[in-house]
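For reference, the structure is listed below as structure tokens.
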Amino acid sequence: PLNQATKGMKFSSRLEEVVMKGLARDRSVRWKTVTDFTTAFCDAVTAVPEKKGFLASLFKRD
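Using this note's numbering, you'd call the opening residue of the sequence shown number 6 and step up by one each time.
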């Protein structure tokens, strides 16, 4: 998995899905065209990241 490739680097789950699909051993699972891959990749890297724990941070206890 992409998130295990480099210690300290964290990628979105969507970006990881896009890259791993491109690296799939089974060719039928891979992107059909480089254009499909490029579109999915660009969408994944420009997506607004989810704010995990946002509500919890509003109500955290001291």
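Glycine included, every Cβ here is placed at the ideal spot set by N, Cα and C.
This structure is a prediction, so every number in the text was calculated from the model and none was measured.
Could you work out which residue in the options is closest to residue i when comparing CA atoms only?
i, options, result
"F46", "M14, P6, R19, V53", "R19"
Tell me the rounded alpha-carbon separation between residue i and residue j.
i, j, result
"K37", "F16", "23 Å"
"D41", "T51", "16 Å"
"R35", "E21", "14 Å"
"G13", "R32", "31 Å"
"L28", "A49", "16 Å"
"P6", "K26", "11 Å"
For residue i, count neighbouring C-beta atoms within 10 Å of its own C-beta (all shown protein chains included) and say buried if the count is 16 or more, exposed if not.
i, result
"V23", "buried"
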